[in-house]
Amino acid sequence: MSTPYDRFVYHLDLSILAYHLYHQTLIWPMDPYYEQLHRSQQDMREFFMSTLRANLKNFFNDAQRGPEELGGLATSNPKLDPIITEYQRLYPWNHSVVAPEPGDWNYLKPSLEIVKHVKEIRMCSRLNLNQLEVIATKPHNDGDNPRDVLYCFEGATGIVEKERPIGNSSMTLPAWSLMGFVLLKYNSPQDINDYDVHITFRGSRSGNGTRAAKGGWMENGNADWVTDCDSAISMTKCPEISPTGKVPFGFKNSLISTLPMIWKCLEAIARDHVDNPPKTIYFTGHSLGGALAALCAVSMRHGEGEIALRNKYKVNNWPWNTSVELITYGSPTIGTEDLVDGAKFKLKADRVYIHGDPIATVLRAKHIGTELKLAGNLPFKIFDFVRHEPYLIREELVKVLGLQALNRPIPEAPWIKYRSFSDLLASNDWHTFLEVNGNRKKLPDFLKYLKLYLYALGVSTNKHKPNRVAEQHLEDLINDFNNEEVQWDKIKASSRGFWDDLDFERFMLTCYLLLRYSQNQQAGPKRQALDDLAKKQKVFLGPG
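Following the numbering used here, the residues of the sequence shown are numbered contiguously, the last one being 527.
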């Protein structure tokens, strides 16, 4: 067994790491899906996103990702939410915080058994396909000798085929984001030839699930959900994935967009290990990521043209016929019966899910893999999406396995949920996070984006271009955020009369604290002042 602890928990932790890295790239972790705006006024969210679309074209460069329109690659794409990410923020050794909805703060800390061995992280995108950019290198610590490499790749979601069959179809424009990574993992501290390759996909991320699902069925809104819903409607033949059967449209389009980057990552590994293939090639992912992992494994093992592609990228000597393993978590169905039957004998496959998970148990098509059904320590109810959550799947796995499996300790949970930002600030996790030594800031500094956020917020609040008084309030507020020495009371005073809602005032304080924590993370008077302010104000995002 080449994994450092139980292979089911280990690969789930890799799947959670894919979410973690995606969370790190979000430029507004306190409100990445614009839920705070929806709370105050339903139409304010639409005003806010329209203002962003109007201003982001001049702001975007190669560092940012989102809907294609925003990158200047197309003229119109108004249907997808402008969820914006930046790959330069990737730093797998750091924790991440993100609030997908008010009253729901997710705190992710990568498994130490995974990231302590990672030497560097590289990024492969369609705009820079022939050069995998080194984003970050692990800080040197005495006694460390990290060798593993994380090759992150981007992919597209939100593509919808407007006409069918595929031979006569047109597609809507996608949104681009980090879709996963390829981990080059050495199994021996000395032997460069003893290594495995783990290809991992992230699952869907959104704010309010009900609205995201409704928008997905209408082919707009959250790009991940558009892909999910398009996968539930109909299926198509795709020889690149399988010579037999059909696959869901949404999954097919997302995977096809991602494959060029994955092949480049594999090529980079092969180039550094000429004539020395990996011992095992793993595919894994949760939810949407599980479906993409399964179809990717089928494609590289069973698709038409796979031998030509393996030769092209110089990985044909890898053990494709003998040592390919697939492990999925909460995965939806991936295709018709003839597709699954044609592929299931060509790779070892397991699928893990909690009994009652609607994503994993609704049979639109066929699953692949030996079933590992977990009981789930929750009262059963129809459409219980909590059972789909990766942190709960992990809890159930650990219960089944015990605290130790095969005499190898299982690390603590990497995904923790808090009901409020105040609860997070009061936790030992937060203080441990801030006190970790290292030469990299623990939180990404989103000051350069906050000005745009506040401007769009001001326009949205007034439902038109702000008047002179509002413009002055907005300018004062932006200047106050830029002033490192400014106190919260001044920011509160400059925003009074512009945004009077108490919940919104707390939201602004959350932004202020995140910003200041990202700038003043060392122990000392400033940090203590921030801690005191947080406790005094009992900050939270939303009503809790």
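From the three backbone atoms N, C-alpha and C, an ideal C-beta is built for every residue, glycine too.
Original post:
Between T227 and the rest of its own chain, which residues show a CB-CB distance below 7 Å, the 5 nearest in sequence each way excluded?
Top reply: On the sequence shown, residue 227 is found 244 positions in, with the first residue counted as 1. By the criterion of a C-beta distance shorter than 7 Å, T227 is surrounded in its chain by D321, L322, G325, once the five residues flanking it on both sides are discounted.
Subject >> Rounded C-alpha distance that separates W230 from G138 >> reply: Along the sequence shown, read from residue 1 onward, the residue named residue 230 stands at position 247. Along the sequence shown, read from residue 1 onward, the residue named residue 138 stands at position 155. The residue asked about is misnamed: residue 230 is Val in this sequence, not Trp. So the two alpha carbons sit approximately 18 Å from each other.
Subject >> Helix, strand or coil at C191 [DSSP, three-state] >> reply: Taking the sequence shown and counting its residues from 1, one reaches residue 191 at position 208. First, the residue type needs correcting, since residue 191 is Asn and not Cys in the sequence shown. Looking at N191 - three-state DSSP - the assignment turns out to be coil, as it is neither helix nor strand.
Original post:
Hey, would you say A119 sits closer than 8 Å to L73, going by beta carbons?
Top reply: Position 136 of the sequence shown, counting from 1, holds the residue named residue 119. Position 90 of the sequence shown, counting from 1, holds the residue named residue 73. Yes.
Original post:
If you count every other CB in all the chains shown that lies within 10 Å of the CB of H269, and 16 or more means buried, which is it?
Top reply: Your numbering for residue 269 matches position 286 in the sequence shown. Of the other Cβ atoms in all chains shown, 16 or more fall within 10 Å of the Cβ of H269; this residue is therefore buried.
**OP:** Kindly provide the ranges of any alpha helix (DSSP H) runs that are 4 or more residues long and lie completely inside the segment 336 to 403, ordered along the chain.
**Re:** You should have 341 to 344, 373 to 384.
Original post:
Given a threshold of 16 other Cβ atoms within 10 Å of its Cβ, counted over all protein chains shown, does M491 qualify as buried or as exposed?
Top reply: Along the sequence shown, read from residue 1 onward, the residue named residue 491 stands at position 508. A buried status is given to M491, since no fewer than 16 other beta-carbon atoms sit within 10 Å of its beta-carbon.
**OP:** May I ask you to report which of helix, strand or coil DSSP gives R147?
**Re:** Within the sequence shown, numbered from 1, the residue matching residue 147 stands at position 164. Confidence at R147 is low in this model, with a pLDDT of 48, below 50, so its placement is unreliable and no value can be given for it.
Original post:
Do the segment 185 to 197 and the segment 104 to 122 touch if we need at least three Cβ pairs shorter than 8 Å?
Top reply: Contact between the segment 185 to 197 and the segment 104 to 122 is absent, because fewer than three Cβ pairs lie under 8 Å.
Subject >> Rounded distance between the beta-carbons of I376 and L384, thought under 8 Å >> reply: Here residue 384 refers to the residue found at position 401 when the sequence shown is read from its first residue. Here residue 376 refers to the residue found at position 393 when the sequence shown is read from its first residue. In this structure L384 does not touch I376 by the C-beta definition: roughly 12 Å separates them, more than the 8 Å allowed.
Original post:
Would DSSP call Q173 helix, strand or coil?
Top reply: Here residue 173 refers to the residue found at position 190 of the sequence shown. In this structure, Q173 counts as coil in the three-state DSSP scheme.
Original post:
Just reading off the alpha helix (DSSP H) that E320 is part of, what are its end residues?
Top reply: On the sequence shown, position 337 is the one that residue 320 refers to. Following the DSSP letters along the chain, one finds E320 inside the alpha helix (DSSP H) bounded by residues 320 to 326.
Original post:
Are the segment 31 to 39 and the segment 64 to 78 in contact at 8 Å, needing three or more beta carbon pairs?
Top reply: Yes: at least three Cβ pairs fall under 8 Å.
Original post:
What's the C-alpha gap between T344 and L457?
Top reply: Counted from its first residue, the sequence shown places residue 344 at position 361. Counted from its first residue, the sequence shown places residue 457 at position 474. For T344 and L457, the gap between their C-alpha atoms comes out near 49 Å.
Original post:
If R48 sits next to S160, beta carbons under 8 Å apart, how far is it from one beta carbon to the other, in whole angstroms?
Top reply: Reading the sequence shown from its first residue, position 65 is the one you call residue 48. Reading the sequence shown from its first residue, position 177 is the one you call residue 160. By a beta-carbon distance limit of 8 Å, R48 contacts S160. Their separation comes to about 6 Å.
Original post:
Do the segment 286 to 299 and the segment 330 to 347 make contact, defined as three or more Cβ pairs closer than 8 Å?
Top reply: Between the segment 286 to 299 and the segment 330 to 347 there are fewer than three inter-stretch CB-CB distances shorter than 8 Å, so the stretches are not counted as touching.
**OP:** Taking only the alpha-carbon atoms, compute the straight-line gap between L309 and R391 and give it to the nearest angstrom.
**Re:** The residue given as residue 309 occupies position 326 in the sequence shown. The residue given as residue 391 occupies position 408 in the sequence shown. It is roughly 22 Å from the alpha-carbon of L309 to the alpha-carbon of R391.
**OP:** Quick one: grab the DSSP three-state call for S405.
**Re:** To locate residue 405, count along the sequence shown from 1; it is residue 422. Residue state, collapsed to three classes: helix.
Subject >> Helix, strand or coil at S240 [DSSP, three-state] >> reply: Here residue 240 is taken as the residue at index 257 of the sequence shown, counted from 1. For S240, the secondary structure class from DSSP, reduced to helix, strand or coil, is helix.
**OP:** Verify the contact flag: P397, CB atom, against every heavy atom of the ligand PLP, threshold strictly below 7 Å.
**Re:** Because no ligand of any kind appears in the structure shown, any question about the ligand PLP cannot be addressed here.
Original post:
Would a check of beta-carbon distances place R185 closer than 8 Å to chain D?
Top reply: Given the protein chain composition of this structure (a single chain), no chain D is represented.
Subject >> C-alpha distance - R36 paired with Y2, whole-angstrom precision >> reply: Taking the sequence shown and counting its residues from 1, one reaches residue 36 at position 53. Taking the sequence shown and counting its residues from 1, one reaches residue 2 at position 19. Whole-angstrom Cα-Cα distance: 25 Å.
Original post:
Bridge partners of L91, per DSSP?
Top reply: The residue given as residue 91 occupies position 108 in the sequence shown. Answer is S79, W398.
Original post:
Along the chain, where does the beta strand (DSSP E) that runs through H269 open and close?
Top reply: Along the sequence shown, one-based indexing puts residue 269 at 286. Segment 264 to 269, the beta strand (DSSP E) holding H269.
Subject >> Residue(s) in a DSSP beta bridge with F184 >> reply: In the sequence shown, residue 184 corresponds to position 201, counting from 1. In DSSP, F184 forms a bridge with G163, G268.
Subject >> Classification of D211 by the beta-carbon crowding that lies within 10 angstroms, buried from 16 upward >> reply: Start at 1 with the first residue of the sequence shown, and residue 211 comes out as number 228. With 16 or more other Cβ atoms within 10 Å, it is buried.
Original post:
Are S403 and W88 closer than 8 Å when you measure CB to CB?
Top reply: Translated into the one-based positions of the sequence shown, residue 403 becomes position 420. Translated into the one-based positions of the sequence shown, residue 88 becomes position 105. The beta carbons of S403 and W88 sit closer together than 8 Å.
Original post:
What do you reckon, are the CB atoms on S225 and V298 nearer than 8 Å?
Top reply: For this step, residue 225 is matched to residue 242 along the sequence shown. For this step, residue 298 is matched to residue 315 along the sequence shown. Going by C-beta atoms, S225 is not nearer than 8 Å to V298.
Original post:
In three-state DSSP terms, what is E289?
Top reply: Along the sequence shown, read from residue 1 onward, the residue named residue 289 stands at position 306. DSSP places E289 within a helical segment (H, G or I) once states are collapsed to three.
Original post:
If S214 and F234 are in contact, beta carbons under 8 Å, what's the gap, nearest whole angstrom?
Top reply: Residue 214 sits at position 231 when you count from the first residue of the sequence shown. Residue 234 sits at position 251 when you count from the first residue of the sequence shown. Indeed they touch by this definition, with Cβ atoms about 5 Å apart.
Original post:
Cα-Cα, which of H78, D472, E69 is closest to D412?
Top reply: For this step, residue 412 is matched to residue 429 along the sequence shown. For D412, the nearest C-alpha among the options comes from H78.
Original post:
Any idea what DSSP makes of H256, helix, strand or coil?
Top reply: As a first step, residue 256 must be located in the sequence shown, where it is residue number 273. DSSP places H256 in coil when its eight states are reduced to three.
Subject >> The beta strand (DSSP E) enclosing A139, as first and last residue numbers >> reply: The count along the sequence shown starts at 1 and reaches residue 139 at position 156. Per DSSP, A139 belongs to the beta strand (DSSP E) from 131 to 140.
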